[in-house]
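Down below is the structure, laid out as structure tokens.
Okay, here's the thing in structure tokens:
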């Protein structure tokens with residue numbers, strides 16, 4: 001696959017799937033090298049990451065899943081897949097390859113792609129927590145790359 005670099009300012013507008021996969025593999029290897037190799041039962045095991053497809057959120061996800069915590073993760077991110085207009089975002093591929101590699105290690109690695117503030121995405125997150133984490137989360141990481149947060153909405157008596 002030939003993908004031409006597209007950069008506007010400091011933002012890369014194109015991503016190569018193979019490069020994204022190799023970056024994930026490199027980060028996982030770095031975490032494994034730095035880990036003690038002993039599972040720590042006091043660390044979080046069920047982690048919700050809002051913004052887990054790149055940056056701090058992805059780094060946290062990799063460290064928690066492949067380090068001493070051996071955590072399962074649910075990640076929410078707003079990404080664009082490949083289409084006739086482009087190859088998709090790096091985060092799209094990061095999600096795919098993280099999930100593939102984490103599941104090979106027996107981890108739960110759920111990717112929810114959507115607007116974290118929308119009622120539809122919130123419902124998907126709650127459902128995933130109920131089904132995959134028995135309704136409990138040990139840690140929430142908020143790493144959304146977003147501008148102004150919309151006003152919170154009250155839904156079913158719960159402020160979201």
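In the UniProt record's numbering, the protein residues as written are 1 to 160. Where is the CB? At the ideal position from N, CA and C, for every residue including glycine.
What does a CB cutoff of less than 7 Å around residue i pick up in its chain, not counting 5 residues either side in sequence?
i           : result
residue 20  : 90, 93, 94, 97
residue 54  : 90, 91, 94
residue 115 : 78, 121
If you count every other CB in all the chains shown that lies within 10 Å of the CB of residue i, and 16 or more means buried, which is it?
i           : result
residue 69  : buried
residue 112 : buried
residue 62  : buried
residue 135 : exposed
residue 60  : buried
For residue i, which residues in the same chain have their Cβ closer than 6 Å to its Cβ, ignoring the five residues on either side in sequence?
i          : result
residue 64 : 47, 71
Comparing alpha-carbon positions, which option in the options lies nearest residue i?
i           : options          : result
residue 137 : 143, 125, 119    : 125
residue 100 : 28, 16, 15       : 28
residue 44  : 74, 81, 146, 128 : 74
residue 128 : 84, 49, 58       : 49
Helix, strand or coil for residue i? Go by DSSP, reduced to three states.
i           : result
residue 31  : helix
residue 118 : coil
residue 158 : With a pLDDT of 49 at residue 158, under the threshold of 50, the modelled position of this residue cannot be trusted, and the question is left open.
What does the alpha-carbon distance come out to for the pair residue i and residue j?
i           : j          : result
residue 142 : residue 18 : 27 Å
residue 140 : residue 57 : 10 Å
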